[in-house]
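Residue numbers (my numbering), protein chains in the order written: chain A, 607 to 957; chain B, 607 to 957; chain C, 607 to 957; chain D, 607 to 957.
Notes follow once the structure below has been shown.
Protein chains: 4
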Amino acid sequence: MLIIMKTDAIESQIDTVVQRVEDMGLRAHLSKGEERTIIGAIGDGRPVMKDQFLYMPGVDRIVPITRPFKLASREFSPQDSVFPLDGVDIGGQGIVIIAGPCAVENRAQLLETAHAVKEAGAHALRGGAYKPRTSPYSFQGLGEEGLQILAEARAETGLPVITEVMTPEQVPLVCQYADVMQIGARNMQNYSLLHSVGESQHPALLKRGMMATIEELLMSAEYILSHGNRRVMLCERGIRTFENTTRNTTDINAIPVLKSMTHLPVILDPSHATGNWEFVTAIARAAIAAGADGLIVEVHPSPELALSDGGQSLKPERFVEMIAQVSAIAQAIGRCVAPSKAGLSTGCVHV
Amino acid sequence: MLIIMKTDAIESQIDTVVQRVEDMGLRAHLSKGEERTIIGAIGDGRPVMKDQFLYMPGVDRIVPITRPFKLASREFSPQDSVFPLDGVDIGGQGIVIIAGPCAVENRAQLLETAHAVKEAGAHALRGGAYKPRTSPYSFQGLGEEGLQILAEARAETGLPVITEVMTPEQVPLVCQYADVMQIGARNMQNYSLLHSVGESQHPALLKRGMMATIEELLMSAEYILSHGNRRVMLCERGIRTFENTTRNTTDINAIPVLKSMTHLPVILDPSHATGNWEFVTAIARAAIAAGADGLIVEVHPSPELALSDGGQSLKPERFVEMIAQVSAIAQAIGRCVAPSKAGLSTGCVHV
Amino acid sequence: MLIIMKTDAIESQIDTVVQRVEDMGLRAHLSKGEERTIIGAIGDGRPVMKDQFLYMPGVDRIVPITRPFKLASREFSPQDSVFPLDGVDIGGQGIVIIAGPCAVENRAQLLETAHAVKEAGAHALRGGAYKPRTSPYSFQGLGEEGLQILAEARAETGLPVITEVMTPEQVPLVCQYADVMQIGARNMQNYSLLHSVGESQHPALLKRGMMATIEELLMSAEYILSHGNRRVMLCERGIRTFENTTRNTTDINAIPVLKSMTHLPVILDPSHATGNWEFVTAIARAAIAAGADGLIVEVHPSPELALSDGGQSLKPERFVEMIAQVSAIAQAIGRCVAPSKAGLSTGCVHV
Amino acid sequence: MLIIMKTDAIESQIDTVVQRVEDMGLRAHLSKGEERTIIGAIGDGRPVMKDQFLYMPGVDRIVPITRPFKLASREFSPQDSVFPLDGVDIGGQGIVIIAGPCAVENRAQLLETAHAVKEAGAHALRGGAYKPRTSPYSFQGLGEEGLQILAEARAETGLPVITEVMTPEQVPLVCQYADVMQIGARNMQNYSLLHSVGESQHPALLKRGMMATIEELLMSAEYILSHGNRRVMLCERGIRTFENTTRNTTDINAIPVLKSMTHLPVILDPSHATGNWEFVTAIARAAIAAGADGLIVEVHPSPELALSDGGQSLKPERFVEMIAQVSAIAQAIGRCVAPSKAGLSTGCVHV
């Protein structure tokens, strides 16, 4: 941490700051320029509370140097983290595709979708049993019944299941039914939930909040990692900006930036990131081209009848076409779509 | 809801949309312009799922007409909602001031602050026992011990207490100790929590998420109201924008806009909205001038020793000055600072 | 400037950076922490190109220390800058109010408005002769004819005139007709225009771009100041954010922040900042409460017939009411509305 | 345009609005719902001033239906616009790559870069002679001398030249030296400049402003097109958001969205969109995968010595690698990198 003094700070103010730095068990290092003095507070890498200096007389501002996350950083773990999900490696050479409806609406809808996405080559099934909805009057999901339907779809298709968890109490139940717990964008900073997911030791997909910085996403991952749960994948799903032609703005920069900052797998959700099925395939291609490790995509057999997010869902036939295009992009950058349960050739030889 | 068809939509596509509108129990109303057809879906005011039309062939876009919230709207309840808090009216003629430290750090710190803010003329005491922190390594609050200290401060000073609740399970415990439950910005769309707070029937302060629109804030209030809990006050606390000279951007427009859209009391948190004590008083004045019903302000006896948010906390002597200035502004617009337990004259005669 | 080295930077990389710092005529100051080395580049206060270091091996990032503007800073000129405008001090104790229509539409409209705002107590008349419009098909202003009408209004009412200038070539003509040149939000970073306005030595009102930071606004002011033109006032007019209930988001924080960073007068435009006449008066009050030195407000005798921005224009009778309310706020903070040509008592004694 | 009346609008208010609609030569179409009345104003497709209704008693809000741009729309011109640039088709099957330094610094630097980018397979040379800089104290470009150096580089390499124009007066001079005029992000809404570029009939590259919506970009293109100049290409270069890990946020959604809304060629600038050379190649790949027609990339032989934007410039050897990767992506989606003057095989057969 660097403490930048004001240009008119007097000697006694500088001394007081230095004293406090040393009182906190840190080493103070002075640098006197023509205009002002800068005090470096050198420690053992643990974060220091900058607010404790911000208020002191003569202090202009504080510049943090050490990144506030550790376990999530690539410096801590230079190798890519890879974890297996029912035979498929998340974060490995092969691109992983998770697909399914926004919400589990009923047994027939989910099973039809599950079979369709499996045949198309998906590696996992998504579907919400608990739905965070802006309106108290909207469909809130089937709850445990939805989880049971998901389990049935897994039994039928063999696809691992991923579903959202909304409260700490739901964690044990969701772990029982699902292979991966999803933490939704609105809950990215629900620290009680992150804590519980961390303690569960169950694989987690952490979605970036629509107004969260990349650093905050990594801090939320750190919450989970700090409880010993290392099976975390991150998901870019679009951020909120002034542009509203699309539902969200896909932060495509976040893909290579995250891959440089963290060892965790990074996937992209082109459905929420665009909010419009017409643009989903183009953004899915862009995500893989930029270096994403996978995709999570909304697929619905009859989007026009969906109880939520129909407008951004692909029909199964369009999803087939999306996988074909994504596969071509994957090969162009020396990767491939991971081999799927459907046994479809994805046109690439696994190394 | 209006369904705007594409300019090249054909007759059969229009017919299919009209059919679906009627299948949903709504009345369809066609308007054919030179360029395109617009279909109005006229119902009983209940929200309709626009996604169900977005995907239909020939549809360009959907324009919602009915606001998605009802109980929170001024149309539903034209009179200002006023609710008493230990003798003070929230949302009435008098400005209400809530003050205290960001976090309850220990007994001495809280009691000292409680006495100081009472003497300065505050109407309620704030202080966090459960703290949502970006970093898992930061001070997370004292938990129930913090609640006990708050209760002790109430017993000593007579000030009602307001504190944050982070999970549905904490609701009963927090209700037991606190007069008002605060829902923090990061939990504004934690729907499970909103549900529990709604069912508790306990007064609530709902902070706007840093990424939430005014409409989303009202939708979250609607969650609480729809469970029959009508004692809800809203709090603007700054939004996230590209400007980062200040911690957040105070959305001062939100004050008159909210007052026109809803009957609920609206207060402002100048501490988070600026992130810097130097600007807190100016923004507190602006909030009251713009029509806010109250303020929630961070006050700490030794901000430079605070375990969180010290940089945005006022010292007690500055808080005294802030109340004096806010009182002058209140009078300039024909209001006053509500009479306080300290019995201080605020320079205004209550009408 | 501080050069933060990567944690794995090697000795030779550090040496190379130090060498370059010294080659640039600066002094290098090393600070070796547990984790990494920081190199301070200490100079004479002139800005250094940080990009020249960003690319060097081993460099993590650059932290600028010296602010990039000088003449605009309060450190350079601790006293408030005050400049007279036809008998009224801009930036002094008295609040200055500039009012008039968005655009000069015709002689009758402007003269009627000019008389109305004068009688209400305005100190200057605004009106656009050159209009920057998003659409090439919208009314683009009357051009020089509009300037002539403005001059006529000044002759009739005695009010000084302020109008927008859009290109460097228009500068001499606009100077000839207007007392103050306005640089619009979309031209805040039109550096050729800033250069010409700087050289003109004519008073200027510089509006903040809707997506410009406070620092960028001050850098644009620096362009004008650096040509020796010191009569510059700054104008907050709302920024673009994700919130779109209002046309823009008033950055009320910018008022006290600018007053702390610069000696230049700061005014606010509540018409553009809200985009809705219903909220103009509340935001005008807030601006003065927050410390603004003045207001620029759109007033139109028949807003529903205005060729542009009618929805955010006040009718003359509402403008009268706005001044009364602003005057009460001004007194509450120990200021007043400056005495006007209309000779109206504004209820305050000039100190 | 739809005029949404308030729920409590009375009959006479509705009548007055209808009257005005008809007075404007439009047809009024009433739709009376349970809650409120909606009035459609049906015309000949010309934009109507919505502000003229916003102020009327009983009016709640206005919903525009007709898009405000026409010549730029895909509805107006369903086929992709393609225009030749010295033998290469912009907007055709082949991807076009424009490369060069941010600024022309001197003869040696530009010629070295020009040869390097030509050999790597670029189709055009970029380089700024007039530089918009945030600081008045930064290098402002060589002006006409820079244009002469660009012309010399064209004579030597045969590459067409693209350079920025900042004011209307510079247009004739820049047309004389350059093959394509660039309108920079800060000037996207400099309407006087757009007007002059439109009248010049010279090819133009229009960069999206960092704060401009997609619709505003198309409105600015409309300014140029409306003067009969049809050779316009659009450039996404990143927008400003709350995320500041990268210099800007690449709005990758804008690529497929623009391709669906307009017939004009769309390219992307990964250098400004990321601000960091490490991420340029990944975002270049993503842009092509998303459907962009080309790229404009900063290349500098010695980025660490660049007078501007060194940190985001690729070294020539990295640029060679970028083209190879982009070429593989282009093939994966059935396109190719256009044949270049360097005669390099780009691994694709032109159809």
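For each residue, glycine too, the CB sits at the ideal point set by N, CA and C.
In the DSSP annotation of this structure, H906/D is not part of any beta strand (DSSP E), being labelled neither H nor E. In terms of Cα proximity to G949/B, the closest of S683/B, V627/B and V723/B is V723/B. Between the beta-carbon of L660/B and that of G706/A there is about 19 Å, and that puts the pair past the 8 Å contact cut. When only Cα atoms are considered, A818/D and S914/C end up about 20 Å apart. D614/C is the residue among T847/C, T851/C and D614/C whose C-alpha sits nearest the C-alpha of E681/A. Within chain A, no residue has its CB atom less than 9 Å from the CB of F885/C, the nearest being about 20 Å off. Chain-ordered, the chain A residues with CB closer than 8 Å to the CB of T852/D read N859 and V863. Within the model, the alpha-carbon separation for I668/C versus N850/D is close to 14 Å.
Listed along chain A is no residue with a C-beta nearer than 7 Å to that of I668/D; the closest approach is about 17 Å. The residue among G698/C, V926/C and A784/C with its C-alpha nearest the C-alpha of V872/C is G698/C.
In this structure, V786/A lies near I768/A, with their beta-carbon atoms less than 8 Å apart. Residue pairing by DSSP puts H635/D in a beta bridge opposite G646/D. Taking a contact as a CB-CB distance under 8 Å, the pair I671/D and I644/B counts as one, their CB atoms being some 7 Å apart. Residues of the region 784 to 806 of chain D with a C-beta atom less than 7 Å from some C-beta of chain C are R792, N793, Q795, N796, Y797 and S798, listed in chain order.
Residues of the same chain with a CB within less than 6 Å of the CB of V926/A, apart from the 5 flanking positions on each side, are A726 in chain order.
Under the three-pair Cβ rule at 8 Å, the region 836 to 848 of chain D does not count as touching the region 822 to 837 of chain A. Looking at the DSSP output, K813/B sits in a beta bridge with C841/B. Chain-order list of chain D residues neighbouring I845/A: T847 and E849, by C-beta distance under 7 Å.
Between the alpha carbons of E904/B and A709/B lies a distance of about 9 Å. Rounded to the nearest angstrom, the Cβ distance from P742/C to S832/D is 5 Å, consistent with a contact under 8 Å. At least 8 Å separates the beta-carbon of D692/D from that of A944/D. Here C781/C carries a helix assignment [DSSP, helix/strand/coil]. The residue from E828/A, A647/A and E758/A with its alpha-carbon nearest to that of K676/A is E828/A. A distance of 8 Å or more separates the beta carbons of P774/A and L753/A. Proximity to G764/B across G747/B, N796/B, P663/B and L731/B peaks at L731/B, based on C-alpha coordinates. Interface flag for M607/B against chain A is unset, since no Cβ pair is found closer than 8 Å. A contact between stretches requires three or more CB pairs, one per stretch, nearer than 8 Å, and the region 885 to 894 of chain D fails this requirement with the region 617 to 631 of chain C. Not a single CB atom of chain A sits nearer than 8 Å to the CB of R814/D. Per DSSP, M787/B is one residue of the beta strand (DSSP E) stretching across V786 to I789. For L920/C and E640/D, the gap between their C-alpha atoms comes out near 32 Å. Comparing C-alpha distances from L717/A to each of Q937/A, E910/A, H906/A and I929/A shows the shortest one belongs to H906/A. Under the DSSP definition of a beta bridge, A938/C lacks any partner. Residue-level contact check: T719/D does not touch chain C, since none of the beta carbons of chain C fall below 8 Å from its beta carbon.
Contact between L870/D and C841/D is absent: CB atoms are separated by about 10 Å, not below the 8 Å threshold.
Comparing alpha carbon positions, the residue from S687/C, R924/C and T856/C closest to I861/B is T856/C. The DSSP-derived three-state label of I703/B is strand.
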